[in-house]
Each structure stands twice: as C-alpha cells, then as structure tokens.
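*Asks:*
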Amino acid sequence: VLTGRPHLVLIEEPNPNQAADTTNIDADRMEIVGQKHFRGWGRVVVKRGELDASGDQTIFDDSLGIMDLWGTAHIKGEKYDVHGDSVHAEVEGDLFKALNVFRNAQIVSEDLRVDGVRLRVAFDSGTVQGLIALGGTPPPGAQPQGPPQAIATTPDFVLKADSIDALAPGQQLEKVFAVGN
205 VLTGRPHLVL
215 IEEPNPNQAA
225 DTTNIDADRM
235 EIVGQKHFRG
245 WGRVVVKRGE
255 LDASGDQTIF
265 DDSLGIMDLW
275 GTAHIKGEKY
285 DVHGDSVHAE
295 VEGDLFKALN
305 VFRNAQIVSE
315 DLRVDGVRLR
325 VAFDSGTVQG
335 LIALGGTPPP
345 GAQPQGPPQA
355 IATTPDFVLK
365 ADSIDALAPG
375 QQLEKVFAVG
385 N
C-alpha cells in the first residue's frame with residue numbers, strides 16, 4: 205500500500221562498454237509481470253534517455269517488442285514529437301522500429317509537421333526513414349476525429365491529400381507521394 209503515485213526505476217545491466225541505462229516510470233497504478241511485461245494506468249510517464257512518453261494507460265512488453273499508449277498519447281524523441289489518441293510502437297531494444305498513431309495523429313520535427321487521422325512512421329537505427337499519413341472522413345453522424353485530409357507542412361510547402369507517403373532515408377526528405385484530392 206502506497207500513498208501518492210508509485211515511481212519505478214528500471215536499471216538495465218550495463219554492457220562492458222557502456223554505463224547502466226535507467227528508465228523512470230510514474231503512474232497512478234502499476235503491474236509488473238516477470239522481467240518483461242509492464243502495465244500502467246493513470247497518466248503514465250516514461251522517461252529513458254532522450255525518450256519521454258506518456259499516456260493514460262501503457263503496456264510495455266519487451267519479449268513482444270511493443271509499447272502501447274492510450275488516451276492522449278505522446279512520445280517525444282530527440283528529433284520529433286508524436287501525438288495521438290493512441291500509439292502502438294514496435295521496438296527493438298532501445299530503438300523504435302515503427303510507430304502507428306491513431307486518431308488526431310501528429311508528428312512534428314524541426315522542418316516538418318504531418319497531421320492525419322492515422323500515421324505510420326518507420327525507423328532504421330533510431331532515425332525516421334518513412335512516413336505514411338492517412339486522412340479520412342468520419343462516418344455519417346459521427347464527430348470528426350482529425351483533419352479530413354492528411355496535411356504535411358514544411359517551411360517550403362503545404363501538402364494536403366487523402367493519403368501522403370514520404371520517403372526520408374537518413375531522416376532527409378527524398379520523395380513524397382500524395383494520393384486523392
């Protein structure tokens with residue numbers, strides 16, 4: 205029994221060439237199963253190095269390579285911010301392989317902002333390699349859950365389309381494909 209919010213510090217065994225890595229987690233309630241599975245409820249905040257993630261509920265399972273955030277999900281990396289109603293992250297070790305962002309999805313970096321109903325961000329060795337943004341219209345009678353189209357904004361242009369597919373090897377924008385309207 206604990207009064208206040210529990211605080212968890214996870215310390216990873218260091219490799220011979222590096223210092224121990226720590227992860228700090230705060231939440232209203234936590235559940236830890238074994239050494240690989242964590243669930244948190246009530247404005248969960250996860251901090252590890254440059255990573256700052258938060259959501260109303262979080263599941264992290266190292267053996268499955270996933271981190272899920274629900275309810276005003278936010279992930280802030282060294283070079284980007286991701287927001288959405290929920291985020292499903294595919295992870296490998298300390299690095300993201302992919303982020304899937306649902307409803308009110310947004311990614312912001314130094315020179316690029318992308319908004320959509322749904323986003324998929326692909327990574328390679330921790331850097332963004334590509335991005336797919338989908339717009340959409342809500343079903344009849346439903347409230348809009350985001351912009352009707354995907355929108356990419358840079359200092360040089362604004363692009364609106366039903367879907368946008370951007371290739372950015374080495375986190376440098378190379379090609380952009382836009383489909384529909």
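Taken in order, the sequence shown gives residues 205 to 385; the numbers are from the working numbering. All C-beta atoms, glycine included, are put in the ideal place defined by N, C-alpha and C.
1. Counting along the chain, where does the beta strand (DSSP E) carrying L316 start and finish?
2. Strictly under 9 Å for the Cβ-Cβ distance: is Q353 near chain D by that measure?
3. Should T226 be labelled buried (16 or more other beta-carbon atoms within 10 Å of its own) or exposed?
4. In the structure shown, what three-state DSSP assignment does Q353 receive?
5. Give a yes or no on contact between the stretch 266-275 and the stretch 314-327, applying the rule of three or more CB pairs nearer than 8 Å.
6. Using three-state DSSP, classify Q239 as helix, strand or coil.
7. With DSSP as the reference, identify every bridge partner of S367, one or two as the case may be.
8. Can you list, in chain order, the residues of its chain whose CB lies under 7 Å from that of K301, leaving out five sequence neighbours each side?
9. For T262, collect the residues of the same chain with a Cβ closer than 6 Å to its Cβ; drop the 5 residues on either side in sequence, then sort them by chain order.
10. Beta-carbon within less than 7 Å of A382's beta-carbon, same chain only, minus the 5 sequence neighbours each way: which residues are those?
11. Compare the beta carbon distance of Q333 and P359 with 9 Å and say whether it is the shorter of the two.
12. According to DSSP, is G288 part of a helix, a strand, or is it coil?
*Replies:* Here's the rundown:
1. On the sequence shown, position 112 is the one that residue 316 refers to. No beta strand (DSSP E) contains L316, which DSSP labels as neither H nor E.
2. No chain D is present in this structure, which holds just one protein chain.
3. Indexing the sequence shown from 1 puts residue 226 at position 22. Label assigned to T226: exposed.
4. As a first step, residue 353 is located in the sequence shown; it is residue number 149 there, counting from the start. In this structure, Q353 counts as coil in the three-state DSSP scheme.
5. no
6. Looking up residue 239 in the sequence shown gives position 35. Coil.
7. If you number the sequence shown from 1, residue 367 lands on position 163. The partner list for S367 (beta bridge, DSSP) reads L338 and V383.
8. Your numbering for residue 301 matches position 97 in the sequence shown. So the qualifying residues of the chain are E294, V295 and F327.
9. Reading the sequence shown from its first residue, position 58 is the one you call residue 262. Once the five neighbours on either side are set aside, the close Cβ partners of T262 are G244, V248 and L273.
10. Indexing the sequence shown from 1 puts residue 382 at position 178. Only L363, A365 and I368 meet the Cβ criterion.
11. In the sequence shown, residue 333 corresponds to position 129, counting from 1. In the sequence shown, residue 359 corresponds to position 155, counting from 1. No, the Cβ-Cβ distance between Q333 and P359 is not below 9 Å.
12. Start at 1 with the first residue of the sequence shown, and residue 288 comes out as number 84. The answer is strand: DSSP assigns G288 an E or B state.
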